[in-house]
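Chains B, Y, P and Z, in that order, are what the protein sequence lines are.
Heads up: the first sequence at position 90 corresponds to 90 in UniProt numbering, and the numbers run straight through without jumps.
Heads up: the second sequence at position 37 corresponds to 37 in UniProt numbering, and the numbers run straight through without jumps.
Heads up: the third sequence at position 11 corresponds to 11 in UniProt numbering, and the numbers run straight through without jumps.
Heads up: the fourth sequence at position 30 corresponds to 30 in UniProt numbering, and the numbers run straight through without jumps.
Note that CB positions come from ideal geometry on N, CA and C, so glycine has one too.
Everything numeric in this text was worked out from a predicted model, so none of it was measured.
Contents: one structure, followed by commentary.
Number of protein chains: 4
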Amino acid sequence: MVNQMYQECIDACLECMEACNSCYDACLREEDVKMMADCIRMDRECADICAFAIKAMQSNSPFAKQIIALCAEICQACGEECQKHSHHDHCRKCAEACFRCAEVCRKMVA
Amino acid sequence: MVNQMYQECIDACLECMEACNSCYDACLREEDVKMMADCIRMDRECADICAFAIKAMQSNSPFAKQIIALCAEICQACGEECQKHSHHDHCRKCAEACFRCAEVCRKMVA
Amino acid sequence: MVNQMYQECIDACLECMEACNSCYDACLREEDVKMMADCIRMDRECADICAFAIKAMQSNSPFAKQIIALCAEICQACGEECQKHSHHDHCRKCAEACFRCAEVCRKMVA
Amino acid sequence: MVNQMYQECIDACLECMEACNSCYDACLREEDVKMMADCIRMDRECADICAFAIKAMQSNSPFAKQIIALCAEICQACGEECQKHSHHDHCRKCAEACFRCAEVCRKMVA
Numbered sequence: 001m002v003n004q005m006y007q008e009c010i011d012a013c014l015e016c017m018e019a020c021n022s023c024y025d026a027c028l029r030e031e032d033v034k035m036m037a038d039c040i041r042m043d044r045e046c047a048d049i050c051a052f053a054i055k056a057m058q059s060n061s062p063f064a065k066q067i068i069a070l071c072a073e074i075c076q077a078c079g080e081e082c083q084k085h086s087h088h089d090h091c092r093k094c095a096e097a098c099f100r101c102a103e104v105c106r107k108m109v110a
Numbered sequence: 001m002v003n004q005m006y007q008e009c010i011d012a013c014l015e016c017m018e019a020c021n022s023c024y025d026a027c028l029r030e031e032d033v034k035m036m037a038d039c040i041r042m043d044r045e046c047a048d049i050c051a052f053a054i055k056a057m058q059s060n061s062p063f064a065k066q067i068i069a070l071c072a073e074i075c076q077a078c079g080e081e082c083q084k085h086s087h088h089d090h091c092r093k094c095a096e097a098c099f100r101c102a103e104v105c106r107k108m109v110a
Numbered sequence: 001m002v003n004q005m006y007q008e009c010i011d012a013c014l015e016c017m018e019a020c021n022s023c024y025d026a027c028l029r030e031e032d033v034k035m036m037a038d039c040i041r042m043d044r045e046c047a048d049i050c051a052f053a054i055k056a057m058q059s060n061s062p063f064a065k066q067i068i069a070l071c072a073e074i075c076q077a078c079g080e081e082c083q084k085h086s087h088h089d090h091c092r093k094c095a096e097a098c099f100r101c102a103e104v105c106r107k108m109v110a
Numbered sequence: 001m002v003n004q005m006y007q008e009c010i011d012a013c014l015e016c017m018e019a020c021n022s023c024y025d026a027c028l029r030e031e032d033v034k035m036m037a038d039c040i041r042m043d044r045e046c047a048d049i050c051a052f053a054i055k056a057m058q059s060n061s062p063f064a065k066q067i068i069a070l071c072a073e074i075c076q077a078c079g080e081e082c083q084k085h086s087h088h089d090h091c092r093k094c095a096e097a098c099f100r101c102a103e104v105c106r107k108m109v110a
């Protein structure tokens, strides 16, 4: 059974992962890809650490706390990059999911 | 935006991934770990391919179909292994999630 | 001990993964990122399936053959995309590593 | 091109990842699997963070340092678990690769 104490954090990571994977795909289809280069990179960093954190929590990893702390940092940075492009719907939504996830992760390890 | 045609399949993979990660953790805590060795292995195979398939669908991978087909095969095999240990709650639930995911994945690529 | 029969295939996947990860980074730094959008996407697909195949072989996964077969297909497609940009050193080297890996993977599962 | 400053660290992570994947497989085949339960778990944690760190270094992730620091911690812990079972060849070799990787990672981020 998944440890219930993690549930809010798993849910935030799942939403953030989806937002980042979708934003990555959408950025690669934008007219001005060059402007989105950092966003593409951050989306992948963030989707991948979220997936890593979800696995850690769902399997009760002994390193879950450290992984969640790293996830918070990467989500925060990804949110800040996405926010620069908030005229794109996918970036605005992604920034929101990233900041929310960063906050929940920070609370989790506080 | 996540491709809506994938949504049912993503949801099935998310449930299966959680069930497998939880079952992996629970199997490692069982009294008779030796009897669970194949289940531990299959849980990891299945959780990992589900995560891979989720990423492929959420990011509109050009290889999503092939990855989903492989996911169906691994879910089916994991379900069959877990079913042997259905006296354990975690294995019974995992088998159900695996068979359901295998079915949805097969339908997706049919 | 790693299964010796896999060694050549593991080595080819390791080289291909490195070439794709490097090419992904280099493409994101190019002047004309838009022209490299498909290459960026394929580099990630290919680096990630190579990593997945390496794990499968090194841990004697019961699904190694199927994963290697999928790896062959993705490496071939990534090589074909990279080849279009062979005026970039990183793309030319990546295409070579991809085609070599595709060939070794196909031989492995033949 | 892979950042040359990372090369020693990438190599140590590659060796550690292989040792952990092999040890994971071997532990699941041991007579006394129960005694190896923590080792199985740590092998997966360690192989997976090494793979994550390799990807980060090869693609010049802006979070490489933080990921390498986490890798050092997990390698150290995995080495300490494997060392308890050093009568098994695979555990002894794995412990050596883990301690070596932990050291190189710590040096990298110092």
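Query, Result
"Answer with buried or exposed for Gln58 (chain P), where buried requires no fewer than 16 other C-beta atoms within 10 angstroms of its C-beta.", "buried"
"Roughly how many angstroms separate the alpha carbons of Glu30 (chain Y) and Cys78 (chain B), rounded to a whole number?", "40 angstroms"
"In the DSSP assignment, the alpha helix (DSSP H) including Ser59 (chain B) goes from what residue to what residue?", "Ser59 (chain B) -> no alpha helix (DSSP H), and no H or E assigned at all."
"Shorter than 8 angstroms from the beta carbon of Ala37 (chain P) to some beta carbon of chain B?", "yes"
"For Glu80 (chain P), decide whether its Cβ has a neighbour in chain Y, counting only Cβ atoms nearer than 8 angstroms.", "no"
"Roughly how many angstroms separate the alpha carbons of Met1 (chain Z) and His85 (chain P), rounded to a whole number?", "Note that Met1 (chain Z) scores 46 on pLDDT, short of 50, meaning its location in the model is unreliable and no value can be drawn from it."
"Assign Glu45 (chain B) to buried or exposed, taking buried as 16 or more other Cβ atoms, counted over all protein chains shown, within 10 Å of its Cβ.", "buried"
"Would you say Leu14 (chain B) lies against chain P (beta-carbon separation less than 8 angstroms)?", "no"
"For His87 (chain Z), does the count of other Cβ atoms within 10 angstroms reach 16, so buried, or fall short, so exposed?", "exposed"
"Under 9 angstroms Cβ-Cβ, which residues of chain P neighbour Leu28 (chain B)?", "Ala37, Asp38, Ile40, Arg41"
"Can you tell which of P:Val109, P:Lys107, P:Cys98 has the C-alpha that lies nearest to the C-alpha of Asp43 (chain P)?", "P:Cys98"
"Taking only the alpha-carbon atoms, compute the straight-line gap between Met36 (chain Y) and Glu81 (chain P) and give it to the nearest angstrom.", "44 angstroms"
"So Lys55 (chain P) contacts chain B; which residues on that side make the cut at Cβ distance below 8 angstroms?", "Simply none; closest approach about 13 angstroms."
"Would you tell me roughly how many angstroms separate the C-alpha atoms of Asp48 (chain Z) and Leu28 (chain Z), rounded to the nearest one?", "17 angstroms"
"With Glu18 (chain P) and Val104 (chain P) assumed to form a contact (beta carbons below 8 angstroms), what rounded beta-carbon distance in angstroms separates them?", "15 angstroms between Cβ atoms; not a contact."
"Comparing alpha-carbon positions, which option in B:Ile74, B:Lys34, B:Asn60, B:Lys65 lies nearest Val109 (chain B)?", "B:Lys65"
"Within a Cβ cutoff of 8 angstroms, which residues of the same chain sit near Ile68 (chain Z), ignoring the five residues on either side of it in sequence?", "Cys9, Ala53, Ala56, Met57, Cys105, Met108, Val109"
"Below 8 angstroms on the Cβ atoms is my contact criterion, and I expect Arg92 (chain P) with Ala12 (chain P) to pass it. Report the Cβ-Cβ distance as a whole number of Å.", "That belief does not hold up - the Cβ atoms of Arg92 (chain P) and Ala12 (chain P) are roughly 17 angstroms apart, past 8 angstroms."
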